[in-house]
Amino acid sequence: MNQTCSYCGFKFEREEGYFTSAIIIANFLYAFIVAPIMLIMTALEIPFWKIGLLLGSVSLVMVPFIFRFARTIWLHFDFSINPE
Numbered sequence: 015m016n017q018t019c020s021y022c023g024f025k026f027e028r029e030e031g032y033f034t035s036a037i038i039i040a041n042f043l044y045a046f047i048v049a050p051i052m053l054i055m056t057a058l059e060i061p062f063w064k065i066g067l068l069l070g071s072v073s074l075v076m077v078p079f080i081f082r083f084a085r086t087i088w089l090h091f092d093f094s095i096n097p098e
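Quick note: the sequence shown uses this note's numbering, first residue 15, plus one each step.
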């Protein structure tokens, strides 16, 4: 992630621990994506090791995208409350 916006100069980097809430948002986003898949696979009586293998693979692919999206959500939320 860039430290500042090249267009408007908005400073993205904040103090240490600023994006901790983005991790929480990322976990909620991941849960909303994974929970329906897990419920459907459990209802279809697919063995748990296959569910774990599939969801583990999906999580490895999704985590970088979800975390970037969560950081964007957190920056937007913070900027709407505390514009600088």
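By construction, the Cβ of each residue, glycine as well, lies at the ideal position given by its N, Cα and C atoms.
Note that the structure is predicted; figures quoted are calculated from it, not measured.
Buried is the label assigned to A84, since at least 16 other Cβ atoms lie within 10 Å of its Cβ. L43 is a Cβ neighbour of I80, given a cutoff of 8 Å. With a contact defined as Cβ atoms closer than 8 Å, L74 and M52 miss out at about 16 Å.
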